[in-house]
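The sequence shown finishes on residue 319 if you use the UniProt record's numbering, and the numbering steps up by one all the way, no holes.
A virtual CB, placed ideally from N, CA and C, is assigned to each residue, including glycine.
Note sheet for the following structure.
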Amino acid sequence: MAVAANVSQLENLCCHELSPSRKRLLRKFSPHRYPQRWLFINAIVLIWSIILLSNIVGTRNDNNENDERTTVELEYLVYNFGTSAIWALEVGLNIFDYTDTKEEGVEHSLLEQPAHSITDASETIPLWIEFSLAVYFVIDSAAVVFHLTRKEVHHLANGMLLDVVINMLAYFYLVYRQFVDWRKSNLMALSQNEHTDAEAECKGVFISYINYDGQVKRSESDEYVVITNDSNSSIDISGYSVLDINHHGTPDETEGNKFTFPYATVLTPGESVRIYTNEIHAESGGYSFRSKKAIWNNNGGKGVLKDRVGKEISKFVYP
(Lines of atoms letter the chains of each structure in order from A and count residues from 1; the text may use other names and numbers.)
(Lines give C-alpha, C1' and ligand atoms only; values in the text may rest on other atoms or scores of the structure.)
Protein backbone atom coordinates (compact mmCIF):
# COMPACT_ATOMS: atom_id res chain seq x y z
CA MET A 1 0.00 0.00 0.00
CA ALA A 2 2.83 2.38 0.89
CA VAL A 3 4.53 1.68 -2.46
CA ALA A 4 1.32 2.38 -4.36
CA ALA A 5 0.89 5.65 -2.45
CA ASN A 6 4.45 6.71 -3.31
CA VAL A 7 3.83 5.86 -6.98
CA SER A 8 0.67 7.96 -6.94
CA GLN A 9 2.66 10.92 -5.53
CA LEU A 10 5.26 10.52 -8.29
CA GLU A 11 2.48 10.55 -10.89
CA ASN A 12 1.06 13.76 -9.43
CA LEU A 13 4.51 15.36 -9.52
CA CYS A 14 5.19 14.26 -13.12
CA CYS A 15 1.95 15.07 -14.84
CA HIS A 16 -0.55 17.21 -12.93
CA GLU A 17 1.51 20.41 -13.14
CA LEU A 18 1.85 20.29 -16.93
CA SER A 19 -0.27 22.57 -19.10
CA PRO A 20 -2.67 20.96 -21.65
CA SER A 21 -0.45 22.09 -24.56
CA ARG A 22 2.64 20.45 -23.01
CA LYS A 23 0.68 17.29 -22.35
CA ARG A 24 -0.37 17.20 -26.02
CA LEU A 25 3.26 17.64 -27.04
CA LEU A 26 4.48 14.81 -24.79
CA ARG A 27 1.62 12.57 -25.92
CA LYS A 28 2.88 12.87 -29.49
CA PHE A 29 5.97 10.87 -28.51
CA SER A 30 4.19 8.11 -26.60
CA PRO A 31 5.69 4.73 -27.62
CA HIS A 32 2.31 3.08 -27.07
CA ARG A 33 0.18 5.59 -28.95
CA TYR A 34 2.60 6.18 -31.82
CA PRO A 35 4.62 2.97 -32.33
CA GLN A 36 5.67 4.05 -35.84
CA ARG A 37 7.88 6.81 -34.40
CA TRP A 38 9.61 4.51 -31.96
CA LEU A 39 9.82 1.87 -34.65
CA PHE A 40 12.01 4.31 -36.58
CA ILE A 41 14.11 5.24 -33.52
CA ASN A 42 14.69 1.64 -32.47
CA ALA A 43 15.45 0.61 -36.05
CA ILE A 44 18.27 3.20 -36.03
CA VAL A 45 19.59 1.73 -32.76
CA LEU A 46 19.41 -1.75 -34.29
CA ILE A 47 21.46 -0.60 -37.29
CA TRP A 48 23.92 1.03 -34.89
CA SER A 49 24.19 -2.28 -33.00
CA ILE A 50 24.89 -4.22 -36.20
CA ILE A 51 27.58 -1.76 -37.32
CA LEU A 52 29.22 -1.82 -33.87
CA LEU A 53 29.12 -5.63 -33.77
CA SER A 54 30.84 -5.85 -37.16
CA ASN A 55 33.53 -3.43 -35.94
CA ILE A 56 34.08 -5.47 -32.78
CA VAL A 57 34.37 -8.73 -34.73
CA GLY A 58 36.80 -7.03 -37.12
CA THR A 59 39.17 -6.07 -34.29
CA ARG A 60 38.58 -9.07 -32.01
CA ASN A 61 41.77 -10.92 -32.97
CA ASP A 62 43.95 -7.86 -32.52
CA ASN A 63 45.39 -8.07 -29.00
CA ASN A 64 47.52 -4.94 -29.33
CA GLU A 65 46.34 -1.74 -27.73
CA ASN A 66 46.28 0.07 -31.01
CA ASP A 67 44.25 3.10 -31.96
CA GLU A 68 41.74 1.09 -33.99
CA ARG A 69 40.84 -1.19 -31.10
CA THR A 70 40.66 1.71 -28.65
CA THR A 71 38.31 3.57 -31.02
CA VAL A 72 35.95 0.58 -31.23
CA GLU A 73 35.97 0.11 -27.46
CA LEU A 74 35.26 3.80 -26.92
CA GLU A 75 32.43 3.57 -29.45
CA TYR A 76 31.03 0.66 -27.41
CA LEU A 77 31.05 2.73 -24.20
CA VAL A 78 29.32 5.63 -25.97
CA TYR A 79 26.84 3.11 -27.38
CA ASN A 80 26.07 1.95 -23.82
CA PHE A 81 25.33 5.53 -22.79
CA GLY A 82 23.19 6.24 -25.87
CA THR A 83 21.06 3.11 -25.63
CA SER A 84 20.55 3.62 -21.88
CA ALA A 85 19.37 7.19 -22.49
CA ILE A 86 16.94 6.07 -25.22
CA TRP A 87 15.64 3.32 -22.93
CA ALA A 88 15.05 5.80 -20.08
CA LEU A 89 13.23 8.21 -22.43
CA GLU A 90 11.01 5.49 -23.86
CA VAL A 91 10.00 4.14 -20.45
CA GLY A 92 9.51 7.66 -19.09
CA LEU A 93 7.11 8.53 -21.91
CA ASN A 94 5.21 5.30 -21.30
CA ILE A 95 4.81 6.28 -17.64
CA PHE A 96 3.48 9.67 -18.70
CA ASP A 97 1.07 7.97 -21.10
CA TYR A 98 -0.35 5.84 -18.28
CA THR A 99 -0.66 8.62 -15.71
CA ASP A 100 -1.94 11.24 -18.15
CA THR A 101 -4.60 8.87 -19.49
CA LYS A 102 -5.72 7.98 -15.97
CA GLU A 103 -5.99 11.64 -15.08
CA GLU A 104 -7.85 12.97 -18.12
CA GLY A 105 -9.60 9.97 -19.64
CA VAL A 106 -8.70 11.21 -23.11
CA GLU A 107 -10.28 9.37 -26.02
CA HIS A 108 -7.74 7.69 -28.24
CA SER A 109 -7.08 8.90 -31.75
CA LEU A 110 -7.54 6.87 -34.89
CA LEU A 111 -3.96 7.84 -35.65
CA GLU A 112 -2.73 6.20 -32.47
CA GLN A 113 -3.08 3.04 -30.41
CA PRO A 114 -5.87 2.91 -27.76
CA ALA A 115 -5.00 4.54 -24.45
CA HIS A 116 -3.86 2.41 -21.52
CA SER A 117 -6.52 1.20 -19.12
CA ILE A 118 -5.53 1.93 -15.50
CA THR A 119 -7.51 0.67 -12.50
CA ASP A 120 -4.93 1.04 -9.71
CA ALA A 121 -1.75 3.06 -9.11
CA SER A 122 0.19 -0.14 -8.40
CA GLU A 123 -0.12 -1.10 -12.07
CA THR A 124 2.56 1.45 -12.93
CA ILE A 125 5.04 0.08 -10.35
CA PRO A 126 6.85 -2.18 -12.91
CA LEU A 127 7.28 0.83 -15.19
CA TRP A 128 8.70 2.92 -12.37
CA ILE A 129 11.13 0.13 -11.48
CA GLU A 130 12.22 -0.15 -15.14
CA PHE A 131 12.57 3.63 -15.36
CA SER A 132 14.72 3.69 -12.19
CA LEU A 133 17.01 1.02 -13.65
CA ALA A 134 17.26 2.92 -16.94
CA VAL A 135 18.17 6.16 -15.14
CA TYR A 136 20.80 4.31 -13.10
CA PHE A 137 22.41 2.89 -16.26
CA VAL A 138 22.35 6.33 -17.90
CA ILE A 139 24.17 7.89 -14.94
CA ASP A 140 26.60 4.98 -14.66
CA SER A 141 27.44 4.91 -18.38
CA ALA A 142 27.76 8.71 -18.48
CA ALA A 143 30.23 8.60 -15.60
CA VAL A 144 32.23 5.96 -17.48
CA VAL A 145 32.28 7.81 -20.80
CA PHE A 146 33.30 11.20 -19.37
CA HIS A 147 36.01 9.95 -17.00
CA LEU A 148 38.16 7.66 -19.11
CA THR A 149 41.86 7.01 -19.53
CA ARG A 150 43.32 4.81 -22.25
CA LYS A 151 43.82 1.87 -19.85
CA GLU A 152 40.30 2.21 -18.48
CA VAL A 153 38.86 1.96 -21.98
CA HIS A 154 40.29 -1.55 -22.40
CA HIS A 155 39.25 -2.61 -18.93
CA LEU A 156 35.68 -1.30 -19.08
CA ALA A 157 35.06 -2.62 -22.59
CA ASN A 158 35.58 -6.26 -21.53
CA GLY A 159 32.65 -8.46 -22.60
CA MET A 160 31.46 -5.95 -25.16
CA LEU A 161 30.93 -8.61 -27.88
CA LEU A 162 28.38 -10.56 -25.84
CA ASP A 163 26.73 -7.35 -24.62
CA VAL A 164 26.25 -5.97 -28.14
CA VAL A 165 24.90 -9.33 -29.41
CA ILE A 166 22.31 -9.38 -26.62
CA ASN A 167 21.36 -5.76 -27.29
CA MET A 168 21.06 -6.43 -31.02
CA LEU A 169 18.71 -9.39 -30.44
CA ALA A 170 16.65 -7.30 -28.01
CA TYR A 171 16.27 -4.52 -30.57
CA PHE A 172 15.35 -7.03 -33.27
CA TYR A 173 12.44 -8.10 -31.06
CA LEU A 174 11.56 -4.50 -30.15
CA VAL A 175 11.45 -3.38 -33.79
CA TYR A 176 9.34 -6.42 -34.69
CA ARG A 177 6.89 -5.77 -31.85
CA GLN A 178 6.50 -2.09 -32.72
CA PHE A 179 6.05 -2.92 -36.40
CA VAL A 180 3.17 -5.24 -35.43
CA ASP A 181 1.65 -2.51 -33.21
CA TRP A 182 1.97 0.02 -36.02
CA ARG A 183 0.22 -2.30 -38.49
CA LYS A 184 -2.52 -2.95 -35.95
CA SER A 185 -3.11 0.78 -35.38
CA ASN A 186 -3.32 1.40 -39.14
CA LEU A 187 -5.90 -1.36 -39.57
CA MET A 188 -7.87 0.06 -36.67
CA ALA A 189 -7.84 3.50 -38.28
CA LEU A 190 -9.13 2.15 -41.60
CA SER A 191 -11.93 0.10 -40.04
CA GLN A 192 -13.25 2.74 -37.58
CA ASN A 193 -12.56 6.05 -39.32
CA GLU A 194 -16.07 6.86 -40.56
CA HIS A 195 -17.76 5.79 -37.33
CA THR A 196 -15.59 7.94 -35.09
CA ASP A 197 -15.78 11.00 -37.35
CA ALA A 198 -19.59 10.85 -37.28
CA GLU A 199 -19.43 10.50 -33.49
CA ALA A 200 -17.19 13.57 -33.20
CA GLU A 201 -19.60 15.58 -35.34
CA CYS A 202 -22.47 14.83 -32.96
CA LYS A 203 -20.41 15.76 -29.93
CA GLY A 204 -19.89 19.31 -31.09
CA VAL A 205 -16.47 20.22 -32.51
CA PHE A 206 -17.20 23.36 -34.52
CA ILE A 207 -15.97 26.75 -35.72
CA SER A 208 -17.20 29.17 -33.07
CA TYR A 209 -15.70 32.44 -34.33
CA ILE A 210 -13.60 34.03 -37.08
CA ASN A 211 -11.75 37.28 -36.48
CA TYR A 212 -11.67 38.41 -40.11
CA ASP A 213 -10.71 42.09 -39.57
CA GLY A 214 -7.17 42.19 -38.21
CA GLN A 215 -5.18 45.16 -36.96
CA VAL A 216 -1.93 44.32 -38.77
CA LYS A 217 -1.94 46.18 -42.07
CA ARG A 218 -1.74 44.34 -45.40
CA SER A 219 -0.78 40.87 -44.13
CA GLU A 220 -3.46 40.84 -41.35
CA SER A 221 -1.39 38.17 -39.60
CA ASP A 222 -3.34 38.62 -36.34
CA GLU A 223 -6.61 37.30 -37.79
CA TYR A 224 -7.70 33.91 -36.51
CA VAL A 225 -10.38 31.22 -36.51
CA VAL A 226 -11.57 29.56 -33.29
CA ILE A 227 -12.31 25.82 -32.99
CA THR A 228 -14.34 24.81 -29.92
CA ASN A 229 -15.32 21.54 -28.28
CA ASP A 230 -18.66 22.12 -26.51
CA SER A 231 -19.17 18.44 -25.63
CA ASN A 232 -18.72 16.76 -22.27
CA SER A 233 -15.75 14.62 -23.33
CA SER A 234 -12.31 15.12 -24.82
CA ILE A 235 -12.11 14.72 -28.61
CA ASP A 236 -9.06 14.00 -30.73
CA ILE A 237 -9.11 16.26 -33.81
CA SER A 238 -5.80 15.05 -35.25
CA GLY A 239 -6.00 15.24 -39.04
CA TYR A 240 -8.97 17.63 -39.05
CA SER A 241 -8.56 20.62 -41.36
CA VAL A 242 -9.73 24.24 -41.47
CA LEU A 243 -10.23 25.98 -44.82
CA ASP A 244 -11.37 29.36 -46.04
CA ILE A 245 -13.99 29.46 -48.80
CA ASN A 246 -14.61 32.23 -51.35
CA HIS A 247 -11.02 33.40 -50.92
CA HIS A 248 -10.63 37.08 -51.86
CA GLY A 249 -14.24 37.30 -52.97
CA THR A 250 -14.22 34.80 -55.84
CA PRO A 251 -17.76 34.19 -57.14
CA ASP A 252 -17.60 30.38 -56.95
CA GLU A 253 -17.06 28.36 -53.79
CA THR A 254 -13.38 27.54 -54.05
CA GLU A 255 -11.09 26.38 -51.27
CA GLY A 256 -8.29 28.72 -50.28
CA ASN A 257 -5.76 28.19 -47.50
CA LYS A 258 -5.80 24.98 -45.49
CA PHE A 259 -4.60 24.15 -41.98
CA THR A 260 -4.43 20.55 -40.72
CA PHE A 261 -4.21 19.74 -37.02
CA PRO A 262 -1.13 17.64 -36.15
CA TYR A 263 -1.07 14.27 -34.41
CA ALA A 264 -2.30 14.09 -30.80
CA THR A 265 -4.34 17.30 -30.94
CA VAL A 266 -7.00 16.75 -28.27
CA LEU A 267 -9.64 19.28 -27.24
CA THR A 268 -10.85 18.85 -23.68
CA PRO A 269 -14.50 19.65 -22.79
CA GLY A 270 -15.17 23.33 -23.37
CA GLU A 271 -11.67 23.98 -24.72
CA SER A 272 -11.05 26.29 -27.68
CA VAL A 273 -7.97 26.81 -29.83
CA ARG A 274 -7.11 29.48 -32.38
CA ILE A 275 -5.45 29.15 -35.75
CA TYR A 276 -3.83 32.47 -36.63
CA THR A 277 -3.04 33.64 -40.13
CA ASN A 278 0.67 34.08 -39.42
CA GLU A 279 1.26 34.42 -35.69
CA ILE A 280 2.07 31.95 -32.92
CA HIS A 281 0.25 32.27 -29.57
CA ALA A 282 1.05 29.34 -27.28
CA GLU A 283 -1.69 30.27 -24.81
CA SER A 284 -4.36 29.54 -27.44
CA GLY A 285 -2.80 26.39 -28.91
CA GLY A 286 0.14 27.76 -30.91
CA TYR A 287 -1.41 27.00 -34.32
CA SER A 288 -0.93 29.07 -37.49
CA PHE A 289 -1.66 28.90 -41.23
CA ARG A 290 1.78 30.49 -41.70
CA SER A 291 0.37 32.51 -44.58
CA LYS A 292 2.26 35.64 -45.61
CA LYS A 293 -0.94 37.01 -47.14
CA ALA A 294 -4.32 37.81 -45.57
CA ILE A 295 -6.74 34.86 -45.54
CA TRP A 296 -10.13 36.04 -44.29
CA ASN A 297 -11.85 38.48 -46.67
CA ASN A 298 -13.24 41.59 -44.99
CA ASN A 299 -16.11 41.59 -47.51
CA GLY A 300 -17.33 38.23 -46.25
CA GLY A 301 -16.73 34.54 -46.75
CA LYS A 302 -16.93 31.20 -45.04
CA GLY A 303 -14.71 29.02 -42.89
CA VAL A 304 -15.08 25.23 -43.01
CA LEU A 305 -13.97 22.49 -40.63
CA LYS A 306 -13.48 19.03 -42.16
CA ASP A 307 -12.77 15.67 -40.57
CA ARG A 308 -9.93 13.28 -41.48
CA VAL A 309 -11.69 11.92 -44.55
CA GLY A 310 -12.63 15.38 -45.86
CA LYS A 311 -16.26 15.46 -44.69
CA GLU A 312 -17.53 18.90 -43.72
CA ILE A 313 -18.61 18.92 -40.06
CA SER A 314 -18.86 22.66 -39.37
CA LYS A 315 -19.01 25.97 -41.22
CA PHE A 316 -18.97 29.59 -40.16
CA VAL A 317 -20.29 32.32 -42.49
CA TYR A 318 -19.14 35.88 -41.90
CA PRO A 319 -19.63 38.82 -41.51
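Excluding the 5 residues preceding and the 5 following residue i in the sequence, name in chain order all residues of the same chain whose CB lies nearer than 7 Å to its CB.
i	result
Tyr-171	Asn-42, Val-45, Leu-46 and Ser-49
Thr-83	Val-45 and Asn-167
residue 321	Because the chain here runs from 1 to 319, residue 321 falls outside it and cannot be looked at.
Asn-232	Pro-269
Val-72	Asn-55, Ile-56 and Thr-59
Since residue i is in the alpha helix (DSSP H), which residue starts that stretch and which ends it?
i	result
Phe-40	35–59
How many whole angstroms separate the CB atoms of residue i and residue j, which I take to be in contact at a CB cut-off of 8 Å?
i	j	result
Asp-244	Glu-279	So it is not a contact: roughly 16 Å between Cβ atoms.
Ser-77	Ser-30	Checking the sequence shown, residue 77 turns out to be Leu, not Ser. Between Ser-30 and Leu-77 the Cβ distance is about 30 Å, and since that is not below 8 Å, they are no contact.
Ser-314	Val-216	At roughly 26 Å, the Cβ-Cβ gap does not stay under 8 Å, so Ser-314 and Val-216 are not in contact.
Val-175	Leu-39	6 Å
Considering only C-alpha positions, which residue in the set the options is nearest to residue i?
i	options	result
Ala-286	Phe-261, Thr-268 and Met-168	According to the sequence as given, residue 286 is Gly; it is not Ala. Considering only alpha carbons, the answer is Phe-261.
Lys-258	Val-57, Lys-306 and Val-317	Lys-306
Asp-230	Asn-94, Val-273 and Asp-163	Val-273
Gly-239	Leu-162, Arg-308 and Leu-169	Arg-308
Ile-95	Ala-134, Gly-58 and Thr-59	Ala-134
Lys-302	Lys-293, Val-317 and Ile-295	Val-317
Ile-139	Ala-85, Ala-282, Val-91 and Val-266	Ala-85
Ile-227	Glu-220, Val-266 and Arg-218	Val-266
Trp-87	Gly-214, Asn-297, Glu-68 and Ser-132	Ser-132
Val-242	Ile-56, Ala-264, Glu-68 and Ile-295	Ile-295
Tyr-276	Ser-291, Ala-264 and Tyr-263	Ser-291
Gly-310	Ile-237, Leu-169, Val-57 and Glu-130	Ile-237
Val-91	Arg-218, Phe-137, Val-57 and Glu-130	Glu-130
Arg-218	Asn-55, Tyr-263, Ala-264 and Lys-293	Lys-293
Gly-300	Thr-59, Ser-284 and Asp-213	Asp-213
residue 349	Glu-68, Tyr-209 and Tyr-173	Outside the shown range of the chain (1 to 319) lies residue 349, about which nothing can therefore be said.
Keeping to the same chain, check which residues put their C-beta closer than 6 Å to that of residue i; ignore five residues upstream and five downstream.
i	result
Asn-211	Glu-223 and Tyr-224
Glu-271	Asn-229
Glu-312	Val-304 and Lys-306
Thr-268	Ser-234
Ala-282	none
If you drop the 5 nearest sequence neighbours on each side, which residues of the same chain put their C-beta closer than 8 Å to that of residue i?
i	result
His-248	No answer about His-248 holds up, because its pLDDT of 48 lies below 50 and its placement is not dependable.
Uninterrupted beta strand (DSSP E) stretches inside the UniProt domain "LTD" (194–319) (no shorter than 3 residues): Taking 3 residues as the minimum length, the beta strand (DSSP E) runs contained wholly in the UniProt domain "LTD" (194–319) are 205–211, 224–229, 241–245, 255–260, 272–276, 301–306 and 312–318, in order along the chain.
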